[in-house]
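Here the structure is laid out as structure tokens; the discussion comes afterwards.
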Amino acid sequence: MKLVMTIAARDEADIIGAQLAFHLNAGVDFVIATDHRSTDGTTEIFREFERAGYLELIEESGADYPQSEWVTRMARLAATHHGADWVINSDADEFWFPRAGNLKDVLALVPPRYGSVETFFRHFVIRPDDENLFFERMTVRLTPSHPLTDPDAEYPTATKVIHRADPGITVGSGNHAVAGSALATLRGWYPIELLHFPIRSGEQVERKFVNAKKATAGTARDAKFRGSSHRWHAAAQSGSVGELYRSLVVGDEEFERGTREGVLVEDVRLRDALRLLSAADYERATAGYVLPGDQPPLEFRRPGLVEELEYAAEAALLDGADIVRLQRRVARLEARLNANERSLGGVLRAATRRALRRL
5 MKLVMTIAAR DEADIIGAQL AFHLNAGVDF VIATDHRSTD GTTEIFREFE
55 RAGYLELIEE SGADYPQSEW VTRMARLAAT HHGADWVINS DADEFWFPRA
105 GNLKDVLALV PPRYGSVETF FRHFVIRPDD ENLFFERMTV RLTPSHPLTD
155 PDAEYPTATK VIHRADPGIT VGSGNHAVAG SALATLRGWY PIELLHFPIR
205 SGEQVERKFV NAKKATAGTA RDAKFRGSSH RWHAAAQSGS VGELYRSLVV
255 GDEEFERGTR EGVLVEDVRL RDALRLLSAA DYERATAGYV LPGDQPPLEF
305 RRPGLVEELE YAAEAALLDG ADIVRLQRRV ARLEARLNAN ERSLGGVLRA
355 ATRRALRRL
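First residue of the sequence shown: 5, per our numbering; consecutive thereafter.
Take a look at the structure:
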């Protein structure tokens, strides 16, 4: 089996080296990356991995950021040019963590009749900045029962898919779904967790949303920002990113209270994995991390029975969140339909009155 990861990024130098090294040591064979106008060193990190033979880099310099188009292009290249069997379409702040073995071990268990498998997010919260690397600081995550995992909240519960390679595949917005495959999605089984680190510092999050707003200004995508994204864009425009960022920092007292209430949990799995990959000899390393072949690949232990039961309960909560999200989407569509009907009714009544006046 050959596993290829795609990634589109802009200005992610604080995390991209760790992201690439982790996946290349966890079962990914090759990476196709699209860099969009990075100025913080992200491009140079990509080039280091490219020189080492693990990555193909595509550079884009246009103002717009058509993510779905670029990821679809990369996913198809994985099938046509790189001989992929499976493809992971990732963001820079995402770490795909297998429940046991490695990523390829898990995907080998998927029956042939299924073309994609779902994962769900594990959102890691902001911790006080002690100038350590993000994975040393950010070892606390939300549980699905936390209010901030509401579908419209700061860290919405959501799924993404890993799919079999297909030259006709189309990747949807945000990499949440694919189309163009005749094979079904395997639902109700989540063998891979998606560890998510979207907000790592005030400077990083301001740059992230300012860049996103610039890339979508005046386009159809500009109107789609809502919920958390809308709040960050508004804060960036008003100069209040720092205030919003500080309101989300989880201090020690809040962490202790959250663990007692069951809405926060300490999770050091990524920290421990990246400690193993942090290179002491930077002359041999790429972006400061060990590459495959320099040491045995990462192996992920199988969870115990209690952990599996807890995970199953959280997956059930996730399924419930999907239903809530669908209900809200239906409600929004009904509201739009009612508004259109009222608008159409007003137009028809006005036209009727004009016609009567002519009689």
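All C-beta atoms, glycine included, are put in the ideal place defined by N, C-alpha and C.
Owing to the predicted nature of the structure, the values given are computational and were not obtained by experimental measurement.
Rounded to whole angstroms, Ser-94 and Glu-260 show a C-alpha spacing of 32 Å. A direct Cα-to-Cα measurement between Thr-153 and Ile-62 gives close to 34 Å. For Glu-270, the beta-bridge partners assigned by DSSP are Val-144. By the Cβ rule, the stretch 18-38 counts as touching the stretch 266-281, because three or more pairs are nearer than 8 Å.
For Trp-193, the number of other beta carbons within 10 angstroms of its own is below 16, and it is reported as exposed. By the Cβ neighbour-count rule, Thr-290 is buried, with 16 or more other Cβ atoms within 10 Å of its own. Bridge partners of Pro-102 according to DSSP: Ile-196. Ile-166: member of the beta strand (DSSP E) spanning 163-168, first to last residue. Leaving aside the five residues that flank Ala-183 on each side, the residues in its chain whose CB is nearer than 6 Å to its CB run, in chain order, Thr-174. Put simply, the backbone Cα of Gln-208 is about 34 Å away from that of Ala-316. The count of Cβ pairs closer than 8 Å, one atom from the stretch 167-181 and one from the stretch 73-90, reaches three, so the stretches are in contact.
Secondary structure of Tyr-315 (DSSP, three-state): helix. By alpha-carbon distance to Pro-202, the top candidate from Ala-96, Arg-55, Gly-262 is Ala-96. Under the three-state reduction of DSSP output, Asn-136 falls in the coil class, being neither helix nor strand. Counting only runs that start and end inside the stretch 25-89, the alpha helix (DSSP H) elements of at least 4 residues fall at 46-55, 71-84.
Pro-301 and Ser-242 have their C-alpha atoms spaced approximately 46 Å apart.
The C-alpha of Gly-246 is placed about 25 Å away from the C-alpha of Tyr-69. The beta carbons of Ala-17 and Asp-39 sit about 11 Å from each other, so the pair does not count as a contact at 8 Å.
A straight-line Cα-Cα distance of about 45 Å links Ala-67 and Glu-314.
Under DSSP, Tyr-293 forms a beta bridge with Ser-282, Thr-290. When DSSP states are grouped into helix, strand and coil, Leu-252 belongs to the helix group. In the structure shown, Ile-20 falls within a helical segment according to DSSP collapsed to helix, strand and coil. Residue Ala-104 holds the alpha-carbon nearest to the alpha-carbon of Gly-308 among Ala-83, Ala-238, Ala-104, Gly-21. Nearest to Pro-132 by C-alpha distance, out of His-237, Pro-115, Glu-258, is Glu-258.
Judged by beta-carbon spacing, Leu-321 lies within the 7 Å limit of Pro-148, meaning their Cβ atoms are closer than that value. For Leu-7, the enclosing beta strand (DSSP E) covers residues 7-13. In the DSSP secondary-structure assignment, Val-182 is bridged to Val-175. In the DSSP assignment, the residues bridged to Phe-124 are Thr-163, Glu-197. The bridge partners DSSP lists for Asn-93 are Thr-10. For Leu-190, the enclosing beta strand (DSSP E) starts and ends at 188-190. The DSSP-derived three-state label of Gly-206 is helix.
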